[in-house]
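Residue numbers (our numbering): 3 to 545.
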Ligand code: G16
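Right, here's the structure in full:
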């Protein structure tokens, strides 16, 4: 095979964010842009003879073209084989499983997750390491630094691979194998959960609705829920994959999964509903007229894990990102297992799972998962809930309320202000930091500030330190407000405000979170001067 060396010049904006490099499609379509980043990934690796690369994406616009380019570059850079999902599709958790199962030299996942797709929308790319997890910061920093100095990339001029045909294509010493993107993952799920109990639940009068949001999980949901578990086809909505996600915003939350939310809060609502995002790693769980916050979902899965076959022998420990509520901490305390608090970003859980320190982890950003892969996993979370509902024979609402009655309720909400000009967002954060010395001991209504800081994390496994992970204002009563800038947006900056108050009194548990947190929400705006600095009077998204 003839390797061509193509001259290029660096782009200086290829710094991976919370989860890989995410930019507008038009940015990726600039000559050499994708190639520069892919070459920077390959240059950061040692590629031994016989190395195999996993490759797939969420099927969004530009997925198919990018895959053909990456195959040519993998061949030129010394990989002996690429495993690619049929149609160029692999959900993020399925890709993580393929990397682990076939022990490949990591994988490249093409996705901008929950961000919209289409010619004017978003595309993304990230490298996952051989443990199946997102590359840790030391690797993403190496990739970024190579990208700033890159002078050339390599490719082999191969014919386009037919991605729709399963099987092996041999091209000299290099091969491409198109694999079924669903089967390995569905087999894994079937090995972990009590499918017989869930099948029996579906055969009863229990009804579900799963919203694939026109994104990658559609075929996975069809195989698992309808084929293997016997749910009627009407249980699925928006499960036809589309490269623009049907023109929608494939983010499973109360704002963007509006169609499903209307069904859940309408008459004839299903007993259980769920949605997942663009690349299948996020989830939203709902009962009849009832929303489960992701933080509560993690805590409830942990408390009921013994009902799930894969976890019946117990949990090694649990982990949550710093802005995620402390609900799971209470469960861990009662179970007498460790609970770790990491920065936002799934990549921080990898070391803890590899070292067997944690079994379950989760984030407030609609991500929950376990050590079965090294990514968060939307359908896995849905199956956890279905398994728990089948075992407890209670409604989703009853399970959550019983949990609150036992542990108390960590009342929680996140307010997002999207598309803020970067200077204004930075001004908000700077204003908060400037008050670090003066806020402690100040009293605001029922809240007295205990401490405030910018969260830092020292990885207990490799000792690496991550600074600047979010501003925390901690109150004496245990409540807190966290302010962070998102690391996944592509339009200006997104300010996230995370609000949490602990409520032990069962008589208050029925309150809507926005009502229960009203005083704290006002305080967050006062402390940050957000309205004054940005001119925004209301959040874009409330979850
Ligand atoms: C990614 C990361 C998550 C993170 C989320 C939100 O999710 O994998 O770990 O919690 O972004 O990050 P931010 O608050 O910085 O926007 P996904 O589903 O977008 O890959």
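Just so it is clear, CB atoms sit at the ideal spot from N, CA and C, and this is done for glycine as well.
Pair within 7 Å by beta-carbon distance, residue i and residue j
i: residue 125; j: residue 17; result: no
i: residue 253; j: residue 281; result: no
i: residue 418; j: residue 482; result: no
i: residue 362; j: residue 317; result: yes
i: residue 245; j: residue 35; result: no
i: residue 119; j: residue 247; result: yes
i: residue 460; j: residue 476; result: no
i: residue 154; j: residue 7; result: yes
i: residue 273; j: residue 209; result: yes
i: residue 20; j: residue 489; result: yes
i: residue 233; j: residue 197; result: no
i: residue 384; j: residue 276; result: yes
i: residue 10; j: residue 54; result: no
i: residue 165; j: residue 184; result: no
i: residue 79; j: residue 44; result: yes
i: residue 84; j: residue 178; result: yes
i: residue 334; j: residue 463; result: no
i: residue 515; j: residue 413; result: yes
i: residue 256; j: residue 545; result: yes
i: residue 349; j: residue 283; result: no
i: residue 133; j: residue 352; result: yes
DSSP beta-bridge partners of residue i
i: residue 546; result: Not covered by the structure: residue 546. The range shown for the chain is 3 to 545.
i: residue 2; result: For the chain, the structure presents residues 3 to 545; residue 2 sits outside this window and is missing.
i: residue 275; result: 211, 288
i: residue 369; result: 284, 365
i: residue 221; result: Residue 221 is not bridged to any residue.
i: residue 154; result: 9
i: residue 178; result: 84, 171
i: residue 546; result: No statement about residue 546 is possible, as the shown extent of the chain runs from 3 to 545 and does not include it.
i: residue 412; result: 504
i: residue 455; result: 474
i: residue 26; result: 124
i: residue 109; result: 56, 130
i: residue 347; result: DSSP lists no partner for residue 347.
i: residue 39; result: Paired residue(s): none; residue 39 is not in a bridge.
i: residue 460; result: 467
i: residue 19; result: 22
i: residue 239; result: 213
Reduced DSSP secondary structure (H/G/I, E/B, other) of residue i
i: residue 448; result: coil
i: residue 84; result: strand
i: residue 396; result: coil
i: residue 62; result: coil
i: residue 33; result: coil
i: residue 128; result: strand
i: residue 503; result: strand
i: residue 186; result: helix
i: residue 201; result: helix
i: residue 89; result: strand
i: residue 54; result: strand
i: residue 537; result: coil
i: residue 328; result: coil
i: residue 149; result: helix
i: residue 484; result: strand
i: residue 248; result: helix
i: residue 293; result: strand
i: residue 136; result: strand
i: residue 3; result: coil
i: residue 352; result: helix
i: residue 357; result: coil
i: residue 310; result: coil
i: residue 531; result: coil
i: residue 118; result: coil
i: residue 428; result: helix
i: residue 95; result: helix
i: residue 163; result: coil
i: residue 206; result: coil
i: residue 45; result: helix
Any chain B beta carbon closer than 7 Å to residue i
i: residue 409; result: You won't find chain B in this structure, because it holds only one protein chain.
**Request:** Flag this pair as touching only if the region 185-199 and the region 59-70 have three or more C-beta atom pairs under 8 Å; answer yes or no.
**Result:** no
**Prompt:** At a cut of 8 Å, does the region 293-305 reach the region 323-340 through at least three beta carbon pairs?
**Reply:** yes
**Item:** Three or more C-beta pairs below 8 Å linking the region 221-237 and the region 167-174
**Value:** no
**Prompt:** Looking at C-beta atoms only, is the number of pairs between the region 434-447 and the region 508-516 that lie closer than 8 Å three or more?
**Reply:** no
**Message:** Would you call the region 343-363 in contact with the region 389-408, where contact means no fewer than 3 C-beta pairs closer than 8 Å?
**Reply:** no
**Item:** Cβ pair count under 8 Å reaching 3, the region 259-269 against the region 135-144
**Value:** no
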